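K.L.:
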């Protein structure tokens, strides 16, 4: 988050670390903070950047709260609203 505040990418000299954060690096220009929460700008709006820790919880919750629409529709809902590492 410090990198976003400073508007510059951090230096990553460790190869595994660079690969791990590659998706964030490719999307850095689209990321922004609002009240300490990270979002990504898209052509259709904004997505909350979802920490990996919450992916399963969010998928289960969206599936349950949306009337159990099935895997593909739940995945589409998640991808529309959230952004995270691959």
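In full-length UniProt numbering, the protein residues as written are 1 to 86.
Glycine included, C-beta positions come from ideal geometry on N, C-alpha and C.
Computed from a prediction, not measured in an experiment: that's the story for all the values here.
For residue 55 and residue 74, what's the separation of their Cα atoms in angstroms?
P.N.:
Walking along the chain shown from the start, residue 55 turns up at place 55. Walking along the chain shown from the start, residue 74 turns up at place 74. Those two C-alpha atoms are separated by around 12 Å.
K.L.:
Assuming residue 39 contacts residue 48 under a Cβ cut-off of 8 Å, what Cβ separation, rounded to an integer in Å, is found between them?
P.N.:
Taking the first residue of the chain shown as 1, we reach residue 39 at position 39. Taking the first residue of the chain shown as 1, we reach residue 48 at position 48. At roughly 6 Å, the Cβ-Cβ gap stays under 8 Å, so residue 39 and residue 48 are in contact.
K.L.:
I believe residue 78 touches residue 62 by the beta-carbon criterion, under 8 Å. Please report the beta-carbon distance rounded to the nearest angstrom.
P.N.:
Against the chain shown, residue 78 aligns to sequence position 78. Against the chain shown, residue 62 aligns to sequence position 62. 6 Å between Cβ atoms; contact.
K.L.:
Compute the distance between the beta-carbons of residue 26 and residue 32, then report whether it is under 8 Å.
P.N.:
Locating residue 26 in the chain shown gives position 26, counting from the first residue. Locating residue 32 in the chain shown gives position 32, counting from the first residue. For residue 26 and residue 32, no; Cβs fall outside 8 Å.
K.L.:
Tell me, which residues are paired with residue 32 by DSSP?
P.N.:
Against the chain shown, residue 32 aligns to sequence position 32. Answer is 39.
K.L.:
Alpha carbon to alpha carbon, how far is residue 81 from residue 30? Give it in angstroms, no decimals.
P.N.:
Locating residue 30 in the chain shown gives position 30, counting from the first residue. Locating residue 81 in the chain shown gives position 81, counting from the first residue. Distance between the alpha carbons of residue 30 and residue 81 is about 15 Å.
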